[in-house]
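Structure first, then comments.
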Amino acid sequence: MAARLPSQLGTIDISEGVIAKIAGVNATECFGVLGLAASDGWSDLLKKDSVDKGVRVQAMEDAKVRIEISLVVQYGVSIKAVAETVINNIRYHVENMTGLTVADINVIIRGIRV
Numbered sequence: 589m590a591a592r593l594p595s596q597l598g599t600i601d602i603s604e605g606v607i608a609k610i611a612g613v614n615a616t617e618c619f620g621v622l623g624l625a626a627s628d629g630w631s632d633l634l635k636k637d638s639v640d641k642g643v644r645v646q647a648m649e650d651a652k653v654r655i656e657i658s659l660v661v662q663y664g665v666s667i668k669a670v671a672e673t674v675i676n677n678i679r680y681h682v683e684n685m686t687g688l689t690v691a692d693i694n695v696i697i698r699g700i701r702v
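If you want it as structure tokens, here you go:
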């Protein structure tokens, strides 16, 4: 399902995969994030070219999306601070790049690496 964004000229459909890539790229740019983790429970780091594999996007009504992202973080960092930075970074970029509203973002820490 795609997120639907009405405009004066028609309707813009943005696939959940596109939103997942935006979220994944921007999460991995945050300090303390070593990478994404598969959302099926595996805590192995995913390769850089699979920036959307640890991200789930749910399109909602009224041009809103819900995002869930699974991460592996660096040992010694404040997990709360990293998660808040990830949430803010994803929200900013998804909303500015797509025009959609991010209803909420759930961060799941699936692993920690030394």
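Each residue of the sequence shown is one higher than the one before, starting from 589 at the first, in this note's numbering.
Ideal Cβ placement from N, Cα and C applies to all residues, glycine included.
Using DSSP with H/G/I as helix, E/B as strand and the rest coil, what is V690? The residue given as residue 690 occupies position 102 in the sequence shown. Strand.
Those runs of the beta strand (DSSP E) which lie wholly inside the region 611 to 679 and span at least 3 residues: 621 to 624, 643 to 648, 652 to 662
Validate contact between the region 601 to 619 and the region 646 to 664 using beta carbons, cut 8 angstroms, 3 pairs: yes
Range of the contiguous beta strand (DSSP E) that encloses L597: The residue given as residue 597 occupies position 9 in the sequence shown. Segment: none, L597 is in no beta strand (DSSP E) and carries neither H nor E.
Find out if the Cβ-Cβ distance for the pair A651, L593 is shorter than 9 angstroms. If you number the sequence shown from 1, residue 651 lands on position 63. If you number the sequence shown from 1, residue 593 lands on position 5. Yes; because the gap between Cβ atoms is below 9 angstroms, this pair is in contact.
Opposing strand residues paired with A608 [DSSP bridges]: Within the sequence shown, residue 608 is the residue found at index 20, counting from 1. Answer is none; A608 lacks a bridge partner.
When you compare the CB positions of F619 and T673, do they come within less than 9 angstroms of one another, or not? Translated into the one-based positions of the sequence shown, residue 619 becomes position 31. Translated into the one-based positions of the sequence shown, residue 673 becomes position 85. Taking 9 angstroms as the Cβ cut-off, F619 and T673 qualify as a contacting pair.
Whole-angstrom distance between A590 and V645, CA atom to CA atom: In the sequence shown, residue 645 corresponds to position 57, counting from 1. In the sequence shown, residue 590 corresponds to position 2, counting from 1. Approximately 10 angstroms between the Cα atoms of the pair.
Classify V682 as helix, strand or coil using the three-state DSSP reduction. Walking along the sequence shown from the start, residue 682 turns up at place 94. Residue state, collapsed to three classes: helix.
Give me whichever residues DSSP pairs with R592 in a beta bridge. As a working mapping, residue 592 is identified with position 4 in the sequence shown. Answer is D601, bridged to R592.
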